[in-house]
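Colleague: If you use the working numbering, the sequence shown corresponds to residues 893 to 1054, in order. Quick reminder that beta carbons are idealized off the backbone N, C-alpha and C, glycines included.
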Amino acid sequence: MKLSTKAVRELVAAAKKARLKAYCPYSRYPIGAAVLTDAGRIYTGANVENASYGLTMCGERVAVANAVTRGEKALLAVCVVGRSPKPCGACRQVVIEFSSKDTWLIIVDLGGEGRRETVSKARMFSMLPGAFDPLEAGLLPKNPQNLLNRRTRRGKTRRTRR
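(1) Express the C-alpha separation of Phe1017 and Lys908 in angstroms, rounding to a whole number.
(2) So Ala905 is in the alpha helix (DSSP H); what residue range does that whole segment cover?
(3) So what does Cys971 bridge to, in DSSP terms?
(4) In its own chain, which residues sit with a C-beta less than 6 Å from the C-beta of Gly951, not counting the 5 before and 5 after it?
(5) The alpha helix (DSSP H) spanning Val960 covers which residue range?
(6) Measure the CB-CB distance between Leu895 and Ile934 and report whether it falls below 9 Å.
(7) Go ahead and label Arg1015 buried or exposed: buried means 16 or more other beta carbons lie within 10 angstroms of its beta carbon, across all protein chains shown.
(8) Going by DSSP, what residues sit across from Arg1015 in a beta bridge?
(9) DSSP beta-bridge partners for Gly937?
(10) DSSP three-state label for Gly1004, please.
(11) Given this structure, state the Cα-to-Cα distance separating Glu1005 from Arg975, to the nearest angstrom.
(12) Based on Cα-Cα distance, which residue from Gly946, Ala955, Tyr945 lies nearest to Leu967?
(13) Classify Tyr915 as helix, strand or coil using the three-state DSSP reduction.
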């Protein structure tokens, strides 16, 4: 699936706006994230830190939770914005739970200290080789809604096994 330039711009803008709401008094490392669902909606999240570091929530997981709690369970793209942002392993696994093999990861490095802003794209599954796949493990029925919705080139939704 190809993402339009307009969709990428909207996703990046939403993630940048979310980053401004990050709660990060300990690391001072604000991260914004946005996910684009197969319904064409964008949901955002920002990191929310806690004095007990293990309870900190990354922006990517907050964005996914926002989408899921609104009934959206199929991600077309995920965008992460920050200075040299890299989704952690937990975020990668959570995102993969709601991704297809075609889901895009867009990373926006805001640069800083003389570096320019850069945007890179990769398929989500390439970011976590050997990811735990609940469908392949037999934990989900053969046609779970959250893993199998894909758009065809004509914009229609079809159900296929990843």
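Modeller: Taking the definition as stated:
(1) Residue 908 sits at position 16 when you count from the first residue of the sequence shown. Residue 1017 sits at position 125 when you count from the first residue of the sequence shown. Cα to Cα, the separation comes out at about 24 Å.
(2) The residue given as residue 905 occupies position 13 in the sequence shown. First-last of the alpha helix (DSSP H) with Ala905: 897 to 911.
(3) Within the sequence shown, numbered from 1, the residue matching residue 971 stands at position 79. According to DSSP, Cys971 bridges with Ala926, Ile998.
(4) Translated into positions along the sequence shown, residue 951 becomes position 59. Closer than 6 Å at the Cβ level, and outside the excluded window around Gly951, lie Ile923, Gly924, Ala925, Gly937, Ala938, Asn939.
(5) Looking up residue 960 in the sequence shown gives position 68. For Val960, the enclosing alpha helix (DSSP H) has its first and last residue at 951 to 960.
(6) For the purposes of this step, residue 895 is taken as the residue at position 3 of the sequence shown. For the purposes of this step, residue 934 is taken as the residue at position 42 of the sequence shown. It is not a contact, given that the beta carbons lie outside the stated cut-off.
(7) Looking up residue 1015 in the sequence shown gives position 123. Classified as exposed, Arg1015 has fewer than 16 neighbouring CB atoms from the shown chains inside 10 Å of its CB.
(8) Translated into the one-based positions of the sequence shown, residue 1015 becomes position 123. Trp996.
(9) Position 45 of the sequence shown holds residue 937. Within the DSSP bridge table, the entry for Gly937 names Ala925 as partners.
(10) Counted from its first residue, the sequence shown places residue 1004 at position 112. Of the three classes helix, strand and coil, the one that applies to Gly1004 here is strand, per DSSP.
(11) Looking up residue 1005 in the sequence shown gives position 113. Looking up residue 975 in the sequence shown gives position 83. Approximately 10 Å between the Cα atoms of the pair.
(12) In the sequence shown, counting from the first residue as 1, residue 967 sits at position 75. A check of alpha carbon separations from Leu967 across Gly946, Ala955, Tyr945 identifies Ala955 as the nearest.
(13) Numbered from 1 along the sequence shown, position 23 holds the residue referred to as residue 915. Tyr915 falls in the strand class under three-state DSSP.
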